[in-house]
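**Q** Residues 494 to 602 (the working numbering) are what the sequence shown spells out, left to right.
Even for Gly, the Cβ is constructed at its ideal location relative to N, Cα and C.
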Amino acid sequence: MYFIFYDLNLTGSLGMLIIIMLIGSVGFILVGTFLAALTSNLRANEALLPVILFPLLMPVLLAAIEATSAVFTGLTLDQYLPWIKLILVYDLVFLIMPFLLFDYLMEVD
Numbered sequence: 494m495y496f497i498f499y500d501l502n503l504t505g506s507l508g509m510l511i512i513i514m515l516i517g518s519v520g521f522i523l524v525g526t527f528l529a530a531l532t533s534n535l536r537a538n539e540a541l542l543p544v545i546l547f548p549l550l551m552p553v554l555l556a557a558i559e560a561t562s563a564v565f566t567g568l569t570l571d572q573y574l575p576w577i578k579l580i581l582v583y584d585l586v587f588l589i590m591p592f593l594l595f596d597y598l599m600e601v602d
């Protein structure tokens, strides 16, 4: 619907838009799962999780917005590749970090 209302032509870049959405979604999932496990044993975890989650999601969110807007405006891959790399590195960090901190996360008092 968005493409119809705003008359966007994404014939050549639809694949890149899907890739950006996928790696951005993976970033949201990894950060959210890690922080949910981190705050699961706390008393006020329902209140604390959003407070911690929002600032840590900002790099993924901003990079995905910048990359998506670059695709919509028709920029070349070289111009928005740094944003995609930022999302991928952030995903990689939050994929490896829970494995390194697993013993601490699952520690029961």
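Check whether the region 527-545 and the region 554-561 are in contact - that is, three or more C-beta pairs closer than 8 Å.
**A** Flag = no, the region 527-545 and the region 554-561 do not touch.
**Q** Under three-state DSSP, which class holds ALA530?
**A** ALA530 falls in the helix class under three-state DSSP.
**Q** Would you say VAL616 and PHE592 are within 7 Å of each other, going by their C-beta atoms?
**A** Missing from the structure shown is residue 616; the chain here goes from 494 to 602 and no further.
**Q** To which residues of the same chain is PHE565 closer than 7 Å at the C-beta, ignoring the five residues directly before and after it?
**A** Cβ neighbours of PHE565 beyond the five flanking positions: LEU501.
**Q** Quick one: residues in its chain with C-beta nearer than 6 Å to the C-beta of TRP576, no 5 flanking neighbours on either side, listed in chain order?
**A** So the qualifying residues of the chain are ALA556, GLU559 and ALA560.
**Q** Would you kindly check if the distance between the Cβ of ILE589 and the Cβ of GLY517 is under 7 Å?
**A** It is not a contact, given that the beta carbons lie outside the stated cut-off.
**Q** Using the three-state DSSP reduction, which class does MET599 fall into: helix, strand or coil?
**A** DSSP places MET599 in coil when its eight states are reduced to three.
**Q** Would you decide whether VAL544 is buried or exposed? Buried here means 16 or more other CB atoms lie within 10 Å of its CB.
**A** Under this definition VAL544 is an exposed residue.
**Q** Tell me which same chain residues have a C-beta within less than 7 Å of the C-beta of ALA529, skipping the five on either side of it?
**A** Cβ within range, chain order: LEU542.
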